[in-house]
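In this note's numbering, the protein residues as written are 43 to 678. Where a beta carbon is used, it is the ideal one built from N, C-alpha and C, also for glycine.
Below is the structure:
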């Protein structure tokens, strides 16, 4: 299917990999692994023919179709979720357009006996036949199944993609890829934005996939469940074994142990032979024997031990100042997004130096509460930070906030202050950005490298309470371990939002489970929590929290109804954008009032403007509700 022969590629004079050879065939499900920056994403780009290698060949079947899910995607705005998903069917959509043109002509013409009319009838029959072969009568149903499998509700199908986060847009891109009839799937970090239910659904899909799959992922369980082969890129070479990730690690270690033993025995033999040569050289009668031993020594093929790339970042989170005993106190905290209730009357008290895990299915409010604590979003209820609390926050999509047009060095310098600006290069070096790498533009960094840069930026601010929302996304397995060890050493207060049991083990001494708008406290580590819930892993917990939406009978919509619905969704998007802007503006004014009340209110029309903004926000919320009710009439 795919033959890769002597493939090499270099950047700035250094080889990422050199003279790599391997094959891909039907049924191969490959986990492509390696540390961040080893060349995994580059390899996928070469296989997809998006990037040309410096040398080497890729031989493929002529009709081979390759689908590629990238970490960064470009979306065309103005399409609904289902319209974007339908973009997967380019041939079918083209046939639909041709059929519509011919049907229009047939409806308008009255020369039923003419040759032209007869030709149109022949053309429409041929097109309908092609349409059926390509699955034209099934593609809409298939699209709905895939979208629902990836976590979309039917009520969201007609919402504009503009209103969804980057993670949900990535799901739409994955849906498009799975709907295409590709022979090879190249998936770059497919699970980063999926909840547990969607990951399990994707695992099942890939297990039944007939073609070849190459997956870049740092999710050990996902790789073990899906792959049957592992290719590791390390120090410019590849190691290729017909085993999933965990079994590959054992085999690779066994091979290195054997190589070391063989190398040791060979070295003993070489040293013994060299002593004989020195001994025989001294005697003229033994000179011939010495020469024979020298030739024999030259012919020995020296055993090499596979090198292991052990370069990892150095990470320590220093504590700024000692805060008061109670660092966070929340009372009756609630949060709604329109009619969707996420949190309801949450009470929370966290003391200094506590280590807390937030767990639960996606959408249950873990990230929402983290954002409320750091003051990113408005909420109902009361939340108070303790004396001297300085928050450090790593958002789930932290890397998205980096400016792609800045270099790594400029990103850090711009975020630094006078006291730590001189340490920027040292901090970057500890995060593996060394030498010329600091001059790289952020836009060319891999997902893992961006996460490392975001973590490095975090080092520039003082904090004593650290909140981390899915910090291991995009990090390679070694970097995950380094981060975990650094968090173990961290002496401040820690809140961790994570789905990763391996990562959470040994890091926290308290667990809050988010479920049905509430939180439940477990006074123990993650293993104690799972024991109390009588499950083996977080996947089982998150599966059990899922409430499946009952299937609804699909309502047929006329063209006019579809047009009206699209118009309403556009209006809803515009109102949501205005609500977001006003909420940010009001939040900024509230902050000014807290910092310097007199200066903030010195303008003569300050209170008029302030109350007008609040009034406008209320009016927009009412408008949003009215539009939403109209939309529900079409979708119910």
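Query: C-beta contact flag for residue 241 and residue 264 at 8 Å; Result: yes
Query: Check whether residue 201 and residue 299 have beta carbons under 8 Å apart; Result: no
Query: Segments of 4+ residues assigned as alpha helix (DSSP H) that fall wholly inside the segment 61–104; Result: 82–89
Query: Assigned secondary structure, residue 588 (DSSP; H/G/I helix, E/B strand, else coil); Result: Only weak support is given to the placement of residue 588: the predicted model assigns it a pLDDT of 45, under 50, and the value that follows is read from those uncertain coordinates. Of the three classes helix, strand and coil, the one that applies to residue 588 here is coil, per DSSP.
Query: Touching by the beta-carbon criterion (3+ pairs, under 8 Å), the segment 125–139 and the segment 168–175; Result: yes
Query: Chain-order list of residues whose beta-carbon lies under 8 Å from that of residue 550 (same chain, five-residue window excluded); Result: 397, 398, 399, 536, 538, 567, 568
Query: When 203, 73, 85 are compared against residue 118, the one with the closest alpha-carbon; Result: 203
Query: Residue 506 versus residue 429: straight-line alpha-carbon distance, rounded; Result: 11 Å
Query: Residue 152 versus residue 165 - alpha carbon distance; Result: 17 Å
Query: Within 8 Å, strictly: CB atoms of residue 45 and residue 254; Result: no
Query: Where residue 596 falls: helix, strand or coil (DSSP); Result: For residue 596, the predicted model reports a pLDDT of 42, less than 50, meaning its position is unreliable and no value from the coordinates is stated.
Query: DSSP-derived helix/strand/coil call for residue 154; Result: coil
Query: Spatial distance of residue 188 from residue 124 (CA atoms); Result: 11 Å
Query: Helix, strand or coil at residue 269 according to DSSP, with G and I counted as helix; Result: coil
Query: Assigned secondary structure, residue 476 (DSSP; H/G/I helix, E/B strand, else coil); Result: coil
Query: The segment 267–279 contacting the segment 54–74, beta-carbon criterion three pairs below 8 Å; Result: yes
Query: Residue span of the alpha helix (DSSP H) that contains residue 545, given as start and end; Result: 543–546
Query: Residue 183 versus 157, 217, 163, residue with shortest Cα-Cα distance; Result: 217
Query: Coil, strand or helix - residue 554 by DSSP; Result: strand
Query: Three-state class that DSSP yields for residue 47 in the structure shown; Result: strand
Query: Whole-angstrom distance between residue 57 and residue 444, CA atom to CA atom; Result: 27 Å
Query: Identity of the residue in 404, 258, 243 nearest residue 287 by Cα; Result: 258
Query: Cβ pair residue 520, residue 77 closer than 8 Å; Result: yes
Query: Environment of residue 128 [buried if 16+ CB atoms lie within 10 Å]; Result: buried
Query: Closest residue to residue 662 among 319, 332, 620, 463 (Cα-Cα distance); Result: 620
Query: Per-residue DSSP class, three states only, for residue 297; Result: helix
Query: CB of residue 423 within 8 Å of CB of residue 556, strictly; Result: no
Query: In chain order, each alpha helix (DSSP H) run of at least 4 residues that lies wholly inside the segment 620–657; Result: 639–642
Query: Bridge partner(s) assigned by DSSP for residue 129; Result: Paired residue(s): none; residue 129 is not in a bridge.
Query: Length of the line joining the Cα atoms of residue 376 and residue 412; Result: 13 Å
Query: Residue 531 beta carbon less than 8 Å from that of residue 358; Result: yes
Query: Three-state secondary structure (DSSP) of residue 160; Result: helix
Query: Residue 52 - partner residues in DSSP beta bridges; Result: 57
Query: Length-filtered (4 minimum) alpha helix (DSSP H) runs lying within the segment 456–544; Result: 466–472, 489–500, 519–531
Query: Alpha helix (DSSP H) runs wholly inside the segment 165–233, at least 4 long, in chain order; Result: 181–191, 208–221
Query: Cβ-Cβ separation, residue 666 to residue 380 (assumed contact under 8 Å), whole Å; Result: 6 Å
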